[in-house]
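Each residue of the sequence shown is one higher than the last, beginning at 1156 in our numbering.
Cβ coordinates follow ideal geometry from the N, Cα and C atoms, glycine included.
Here the structure comes first, spelled out in structure tokens, and everything after it is commentary.
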Amino acid sequence: MTNTGKAVGLEGPTAEGLKPALNIGKAAVLGAGTMGAAIAAHLSNAGIPTLLLDIAPRELTPEEEKKGLTLESPAVRNRIVASLFEAAKKLKPAPFMLGKNAGLISIGNFADDMAKLKDCDLVIEAVVENLEIKHKLFAEVEKHRKPGSVIASNTSGIPIDSIAEPFSDDFKENFVGVHFFNPPRYMKLVEVIPGTKTSGEVACQISGFLDKRLGKGVVPAKDRPNFIANRIGVFGMMATIHEMIAMGFTPTEVDQMTGKAIGHASSATFRTSDLVGLDVTAHVTTNLFPAVPDDEDRDVFQLPELIKTLLDKKLLGDKTKGGFFKKSTDAEGKRVILELDLKTLEYKPQEKTKFPSLDAAKAIEDIPTRVKKLVWGDDRVGEFLWKTASRVSRYAANRIPEIADTIVEIDNAIKWGFGWEIGVFEAWDAIGVRES
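Shown next, in the form of structure tokens:
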């Protein structure tokens, strides 16, 4: 059944005016991958001692065998989490505001150190997006957690009620989704997703903590597939891909139209895809299609044959050294960007098309005015932007109150989560609601 009621305990679009923030003396983050370690780092930036845990190794490395170590040796037990923690210290952009903040983080593993959760006021899970794995981990959390502590999942789309289902009423009352965006230190958005049984006070207090202590932009979201930002953002990306194919544009041409020109991030559409990974986008998209049977425009979540071919060829983006774009060097050793020819699937030198309307728009500093000028243009740029903007705006409007109660929540989620300067509905206002 679709839950269209208000997010429990979260009545407004921001964390302003909420009850006092949680008093967090110590926190724990379960999962030391890129996201988990970066969340732990940001907790330390707020001066919060944080326990960072991950799995214990199941086999020795050749080096450990040479040293005569066993799987029970302390150096081996924490090898994985230690390696991930050291990697986090070298991430760019830096997750730590000050290098010394790393000293507030202690490390351990799930097998030996779960009992330490008894000292933690907040536990944030950030492991792989697999419900069975999360259930096994939270079963251990429930055994060892401090009474009254808040338990949160950084899931990007698994239903909160599904995660909490096997556990006690007390666990459910203190369990909430807190979806950070990567990198957590720099991306403003955190979606707070209460479950059906989440205490209103807990939802309010965790929101106050995220706002006041961590400096995040809090958006209350309904427990619906992919919540707010990814639901609308993935729809927008897929609508853009479908329209590019239909109109015969190149990835470079689309990025010229869908980046700074319309107040979106400079990485636009396909540079963003390469950064995130086409496999990640495809995974979210294919999972969304069966999860939203009542969506009026869910066919957009059907992968085009072009995308399936790129997945088969492992042209996933930066992680495979090539996606829609590829970094290379020319005969003189100069760094160049190559672009995928969507017909031959061969890389060729990137060529930017001269669009007079885009050139003229550069002189317009006010983003809403610029958007209106471009969308109402009588050239191919205007046609493309009209088709994509109208489709995304209509879809977002139809998601109220399913995923959010107000247009402000949707716009804030999009702006804070993806670095846009103007939200979906702000853009619609600029284009003209009556005229469109």
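- Around the beta-carbon of Met1190, 16 or more other beta-carbon atoms lie within 10 Å, marking it buried.
- Gly1254 counts as exposed, since fewer than 16 other C-beta atoms from the protein chains shown sit within 10 angstroms of its C-beta.
- When DSSP reads this structure, Phe1335 sits in a beta bridge with Val1345.
- Contact annotation: Val1579 and Asp1566 have beta-carbon atoms nearer than 8 angstroms.
- Bounds of the beta strand (DSSP E) holding Phe1480 are 1480-1484.
- Short of 8 angstroms from the beta carbon of Gln1411, and not among the five residues preceding or following it, lie these beta carbons of its own chain, in chain order: Ala1423, Lys1507, Thr1508, Phe1510, Leu1513.
- Here Thr1205 is buried. Its C-beta has 16 or more other C-beta atoms within 10 Å.
- Scanning its chain for C-beta atoms nearer than 8 angstroms, with the 5 sequence neighbours on each side dropped, one finds around Ile1235 the residues Ala1187, Asp1209, Ile1210, Ala1211, Pro1212, Asn1264, in chain order.
- The C-alpha of Glu1295 lies about 48 angstroms from the C-alpha of Ser1483.
- A straight line joining the alpha-carbon of Val1491 with that of Gln1505 spans about 8 angstroms.
- When secondary structure is reduced to three states using DSSP, Val1236 falls in the helix class.
- Residue environment: Lys1476 is assigned as exposed (fewer than 16 neighbouring CB atoms within 10 Å of its CB, all protein chains considered).
- Every unbroken stretch of the alpha helix (DSSP H) spanning 4 or more residues and falling wholly within the region 1203-1286 is given here in chain order: 1217-1221, 1229-1232, 1234-1244.
- Ile1279 is the residue among Lys1222, Ile1279, Phe1573 whose C-alpha sits nearest the C-alpha of Ala1193.
- Contact between the region 1212-1223 and the region 1236-1247 is absent: fewer than three C-beta pairs spanning the two stretches fall below 8 angstroms.
- The count of Cβ pairs closer than 8 angstroms, one atom from the region 1387-1398 and one from the region 1439-1448, reaches three, so the stretches are in contact.
- Excluding residues up to 5 positions away in sequence, Ile1318, Pro1321 lie with their Cβ nearer than 8 angstroms to the Cβ of His1290 in the same chain.
- Looking at the DSSP output, Val1373 bridges to Val1345.
- In the three-state reduction of the DSSP assignment, Lys1503 falls in the strand class, which pools E and B.
- Val1333 and Lys1343 have their alpha carbons spaced roughly 13 angstroms apart.
- Burial of Asp1450 is indicated by the presence of at least 16 other C-beta atoms within 10 angstroms of its C-beta.
- The C-beta distance from Gly1350 to Asp1324 rounds to 12 angstroms, too long to fall under 8 angstroms, and the pair is not in contact.
- In terms of Cβ geometry, Ala1196 and Arg1340 form a close pair [threshold 8 angstroms].
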